[in-house]
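K.L.:
Under the numbering used here, the sequence shown has 29 at position 23, and the numbering climbs by one with no breaks.
Don't be surprised by glycine CBs; every beta carbon is placed ideally from N, CA and C.
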Amino acid sequence: MSFSWALVIVFIISYLIGSINISKIVTFFKKDKKLESQGSGNPGTMNMLRTYGAKAALITLLFEVVKAGLTAWLCAFILSKNYPPEVLGYDCTNLIFFFSGFTIIFASCFPFLGTVKGGKGVACAFGVFCFSPLWYVSLALFVVGIILIIVTEYGVLSSVVFIIGMSIATTIFMFVLNISHAWLICVLVWVACLLILARHHRNFYRLFTHQENKANFKASFKKLFHKRRNGVEEILEDEVEHTPEKIVEVEDNKKTD
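1) Measuring only the C-alpha atoms, how far is S106 from S20?
2) Does the Cβ of Y89 have 16 or more other Cβ atoms within 10 Å, making it buried, or fewer, making it exposed?
3) Mapping the DSSP letters down to three states, classify F35 as helix, strand or coil.
4) Determine, using beta carbons only, whether I202 and A129 come nearer to each other than 8 Å.
5) From what residue to what residue does the alpha helix (DSSP H) around L183 run?
6) List the whole-angstrom C-beta distance separating S173 from C199, where the pair is believed to meet the contact cut-off of C-beta under 8 Å.
7) Measuring alpha carbon to alpha carbon, tell me which residue in Q217, T176, Y58, S186 is nearest V197.
8) Would a C-beta distance cut-off of 8 Å place W141 and F148 closer than the cut-off?
9) Just how far apart, CA to CA, sit T133 and Y96?
10) Counting C-beta neighbours from all protein chains within 10 Å, is the total for K73 16 or more, i.e. buried, or is it exposed?
11) Would you report the Cα separation of W79 and Q217, rounded to the nearest angstrom?
12) One question on the structure: do L85 and L190 come within less than 8 Å of each other, judged by their Cβ atoms?
13) Kindly indicate which three-state DSSP category L163 falls into: helix, strand or coil?
14) Does DSSP classify P49 as helix, strand or coil?
15) Going by Cα to Cα distance, which pick from G161, L154, G124, S10 is closest to S25?
16) Is it true that the CB of F103 sits closer than 8 Å to the CB of S144?
17) Determine the closest residue to I170 out of F35, E92, A204, M7, with distance taken between C-alpha atoms.
18) Can you tell me whether DSSP reads K126 as helix, strand or coil?
19) Assuming N222 contacts L55 (C-beta within less than 8 Å), just tell me the rounded distance between them.
20) Please list, in chain order, all residues of the same chain as F181 whose beta carbon is under 7 Å from its beta carbon, the five residues on each side excluded.
21) Within the continuous alpha helix (DSSP H) that includes S288, where are the two ends?
22) CB-CB under 7 Å to G75, same chain, minus the five flanking residues each way: which ones, in chain order?
23) Here's the rule: buried if 16 or more other CB atoms are within 10 angstroms of the residue's CB, otherwise exposed. What is M7?
24) Smallest Cα separation from C98: which of I110, T109, F83?
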């Protein structure tokens, strides 16, 4: 098989796997198939956090990371073994990895199944970069993003910082180490970056007009990790449902002693 046909197969596999929406699967087991009608309407990790809490968001993020990163890594590993530098004249590992990663991000935004609304690609991008040679930069920027969410409660800010920061770091890494096809890899990374930013255009508008939905990050994790007292789950004060007192109507014509 020629290398060109191998790239076509990588594209098809990556696109199909990238089209799998983890948040839809999680909400399916919750017997709720209308995630798009709740919260921000986006079937992604941040809306899972707002709508279903920290546990559902963490499950979604974990599987999105593994889905995207492991797929790209396996594609790069298999093809690099079948098409070594002795055959191609260059090391194709990074090229295949980021080609597969870009396809997965694109598929998460524009999935194959037309009935499923696409996400914004941030969780998939995080997964791709977590499995890349710059995994340590990815984790560092992830921590920075978490701090931004805690301080501001706006998830869009952490997404912007992460994707732009990783695009800059990847560009520097590729050209400083003189990686084969560095320019093509950087084009893929920056196109993915612009795609993710474009998918956030409504968030930017709401942010500038002070209408952006808050992530409820601290409240969600407080609810997840709050202490149990005497084996009974402690109920947070803001979760107590206050029932109004029953109003008793007295008929005017009722005789009293």
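P.N.:
Taking the structure as given:
1) As a position in the sequence shown, residue 106 is number 100, starting the count at 1. As a position in the sequence shown, residue 20 is number 14, starting the count at 1. Taking the straight line from one Cα to the other gives about 6 Å.
2) Walking along the sequence shown from the start, residue 89 turns up at place 83. Buried, because 16 or more other Cβ atoms sit within 10 Å of the Cβ of Y89.
3) Within the sequence shown, the letter at position 29 stands for residue 35. The answer is helix: DSSP assigns F35 an H, G or I state.
4) By 1-based counting over the sequence shown, the position of residue 202 is 196. By 1-based counting over the sequence shown, the position of residue 129 is 123. The answer is no: Cβ separation not under 8 Å.
5) Here residue 183 is taken as the residue at index 177 of the sequence shown, counted from 1. Where L183 is concerned, there is no enclosing alpha helix (DSSP H), given that its DSSP letter is neither H nor E.
6) Numbered from 1 along the sequence shown, position 167 holds the residue referred to as residue 173. Numbered from 1 along the sequence shown, position 193 holds the residue referred to as residue 199. The beta-carbon separation of S173 and C199, rounded to 4 Å, stays under the 8 Å limit for a contact.
7) Within the sequence shown, numbered from 1, the residue matching residue 197 stands at position 191. Of Q217, T176, Y58, S186, the residue nearest in Cα terms is T176.
8) As a working note, residue 141 is residue 135 in the sequence shown. As a working note, residue 148 is residue 142 in the sequence shown. Cβ distance not < 8 Å, so W141 and F148 don't count as in contact.
9) As a first step, residue 133 is located in the sequence shown; it is residue number 127 there, counting from the start. As a first step, residue 96 is located in the sequence shown; it is residue number 90 there, counting from the start. The sequence given here has Gly at residue 133, not Thr. Straight-line Cα distance between these residues: approximately 26 Å.
10) Along the sequence shown, read from residue 1 onward, the residue named residue 73 stands at position 67. Taking a 10 Å sphere around the C-beta of K73, we find 16 or more other C-beta atoms and assign the residue as buried.
11) Counted from its first residue, the sequence shown places residue 79 at position 73. Counted from its first residue, the sequence shown places residue 217 at position 211. For W79 and Q217, the distance between alpha carbons rounds to 39 Å.
12) As a first step, residue 85 must be located in the sequence shown, where it is residue number 79. As a first step, residue 190 must be located in the sequence shown, where it is residue number 184. Cβ atoms of L85 and L190: not closer than 8 Å.
13) Start at 1 with the first residue of the sequence shown, and residue 163 comes out as number 157. Helix, per DSSP.
14) Working through the sequence shown from its first residue, we reach residue 49 at position 43. The three-state reading of DSSP puts P49 in coil, since its state is none of H, G, I, E or B.
15) To locate residue 25, count along the sequence shown from 1; it is residue 19. Closest in alpha carbon position to S25, among G161, L154, G124, S10, is G124.
16) Taking the first residue of the sequence shown as position 1, residue 144 is located at position 138. Taking the first residue of the sequence shown as position 1, residue 103 is located at position 97. S144 places its beta carbon 8 Å or farther from that of F103.
17) As a first step, residue 170 must be located in the sequence shown, where it is residue number 164. Residue nearest to I170 within the set F35, E92, A204, M7 is A204 (criterion: CA-CA distance).
18) Working through the sequence shown from its first residue, we reach residue 126 at position 120. Correct three-state label for K126: coil.
19) Taking the sequence shown and counting its residues from 1, one reaches residue 222 at position 216. Taking the sequence shown and counting its residues from 1, one reaches residue 55 at position 49. The beta-carbon separation of N222 and L55, rounded to 7 Å, stays under the 8 Å limit for a contact.
20) Walking along the sequence shown from the start, residue 181 turns up at place 175. Taken in chain order, the residues that qualify are A188.
21) Nothing can be reported for residue 288, as the shown portion of the chain is limited to 7 through 263.
22) On the sequence shown, residue 75 is found 69 positions in, with the first residue counted as 1. Contacts found: G133, V134, C136, F137.
23) Taking the sequence shown and counting its residues from 1, the one referred to as residue 7 is at position 1. Counting the other CB atoms within 10 Å of its CB gives M7 a total below 16, which places it among the exposed residues.
24) Against the sequence shown, residue 98 aligns to sequence position 92. A check of alpha carbon separations from C98 across I110, T109, F83 identifies F83 as the nearest.
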